[in-house]
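**Q** Sharing a structure with you now.
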Amino acid sequence: MAAANPIVTAIPKQKGIDISWKSRLPHAPKLETSLVEASKKFIDACKKGDRATAEEALSEGADKNATGEFDRCGLIWAIINRHEDFAMWLMAYKRVDVNSKDCTGNDALSYCADLNMELAATTAISHGGDVFSKNNVGFTAEMRARTRGYKRMEDMLKGNAVYRNVTEGQM
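In structure tokens, the structure reads:
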């Protein structure tokens, strides 16, 4: 931001006139604070799977990819709390970042594999979910599905990985 012209600001100050924008809006809430509160409200709505409150928070200016506790975004919280329809709504209609990772390096697809949420996993992949993404320990979503015995999930993730390798020329 450019510095104010000293001549332009000096004349009103000499006459005792306050020209700051804050003087015109003395009761306006701090914008940053209200956006942070809206983002917290959005994350809480995602934890509960409450679509109406999530819409309200987004209309108040909440960041749809904001992270809260453990660096988890609303999408990850929705999946962890098994709100599969809500998570699919976030991915399909609100276009949240499906590759956002939490503090453990897990993304939405990893949690879908952990909880055997095939529809949400398919939606995540169709919206750009990375099937090759590894968490902090080095596990992919497919590895996590295999360790939990979710054969259909494992096959679906493996099939998408093979498809992406062929189409992107990595094989």
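For what it's worth, this note's numbering labels the leading residue of the sequence shown as 914, then goes sequentially. Beta carbons: idealized from backbone N, C-alpha and C, even for Gly. Here the structure is a predicted model, which is why all the values come from computation and not from measurement.
Contact defined as beta carbons within less than 8 angstroms: I believe Ile-1011 pairs with Ala-1021. What is the distance between those atoms, to the nearest angstrom?
**A** As a working mapping, residue 1011 is identified with position 98 in the sequence shown. As a working mapping, residue 1021 is identified with position 108 in the sequence shown. According to the sequence shown, residue 1011 is Val rather than Ile. The Cβ separation is near 5 angstroms, so the contact holds.
**Q** Ends of the alpha helix (DSSP H) at Phe-999?
**A** Taking the sequence shown and counting its residues from 1, the one referred to as residue 999 is at position 86. Here the alpha helix (DSSP H) through Phe-999 covers 997-1006.
**Q** What residue range is occupied by the uninterrupted alpha helix (DSSP H) comprising Glu-973?
**A** To locate residue 973, count along the sequence shown from 1; it is residue 60. Here Glu-973 belongs to no alpha helix (DSSP H), and DSSP marks it neither H nor E.
**Q** Quick one: Cα of Tyr-1024 to Cα of Glu-1055, how far?
**A** Reading the sequence shown from its first residue, position 111 is the one you call residue 1024. Reading the sequence shown from its first residue, position 142 is the one you call residue 1055. Between Tyr-1024 and Glu-1055, the C-alpha separation is close to 11 angstroms.
**Q** Closer than 6 angstroms by C-beta to Lys-1007: which residues in its own chain qualify, once you throw out the five before and the five after it? Chain order, please.
**A** For this step, residue 1007 is matched to residue 94 along the sequence shown. Lys-977, listed in sequence order.
**Q** With 16 other CB atoms within 10 Å as the buried threshold, where does Val-1044 fall?
**A** For the purposes of this step, residue 1044 is taken as the residue at position 131 of the sequence shown. Its Cβ being crowded by 16 or more others within 10 Å, Val-1044 is buried.
**Q** Rank Cys-986, Cys-1016, Phe-1052, Met-1001 by C-alpha distance to the C-alpha of Leu-1032 and give the top, closest one.
**A** Walking along the sequence shown from the start, residue 1032 turns up at place 119. The residue with the shortest Cα to Cα distance from Leu-1032 is Met-1001.
**Q** Name the two residues that bound the continuous alpha helix (DSSP H) containing Ala-1058.
**A** Position 145 of the sequence shown, counted from the first residue, corresponds to residue 1058. It spans 1054-1061 - the alpha helix (DSSP H) in which Ala-1058 sits, taken as one unbroken run.
**Q** What's the gap between the Cα of Ala-1034 and the Cα of Ser-947?
**A** Along the sequence shown, one-based indexing puts residue 1034 at 121. Along the sequence shown, one-based indexing puts residue 947 at 34. Their Cα atoms are separated by approximately 33 angstroms.
**Q** Compute the beta-carbon to beta-carbon distance between Ala-991 and Phe-999, rounded to the nearest angstrom, for a pair I have assumed lies under 8 angstroms.
**A** Translated into positions along the sequence shown, residue 991 becomes position 78. Translated into positions along the sequence shown, residue 999 becomes position 86. About 5 angstroms; that satisfies the 8 angstroms criterion.
**Q** Going by beta-carbon coordinates alone, are Ser-952 and Ile-989 separated by less than 8 angstroms?
**A** Here residue 952 refers to the residue found at position 39 when the sequence shown is read from its first residue. Here residue 989 refers to the residue found at position 76 when the sequence shown is read from its first residue. Cβ distance not < 8 angstroms, so Ser-952 and Ile-989 don't count as in contact.
**Q** Exposed or buried, Arg-1057, counting other C-beta atoms within 10 Å across all chains shown (16 or more means buried)?
**A** As a working note, residue 1057 is residue 144 in the sequence shown. So Arg-1057 ends up on the buried side.
**Q** Between the Cα of Leu-1028 and the Cα atoms of Asn-994, Ser-1046, Thr-1017, Asp-1015, which residue gives the shortest distance?
**A** Here residue 1028 corresponds to residue number 115 of the sequence shown, with the count starting at 1. Closest option to Leu-1028, Cα to Cα, is Asn-994.
**Q** Helix, strand or coil for Thr-980, going by three-state DSSP, please let me know.
**A** Here residue 980 refers to the residue found at position 67 of the sequence shown. DSSP places Thr-980 in strand when its eight states are reduced to three.
**Q** Does DSSP put Cys-959 in a helix, in a strand, or in coil?
**A** For the purposes of this step, residue 959 is identified with residue 46 of the sequence shown, where counting begins at 1. The answer is helix: DSSP assigns Cys-959 an H, G or I state.
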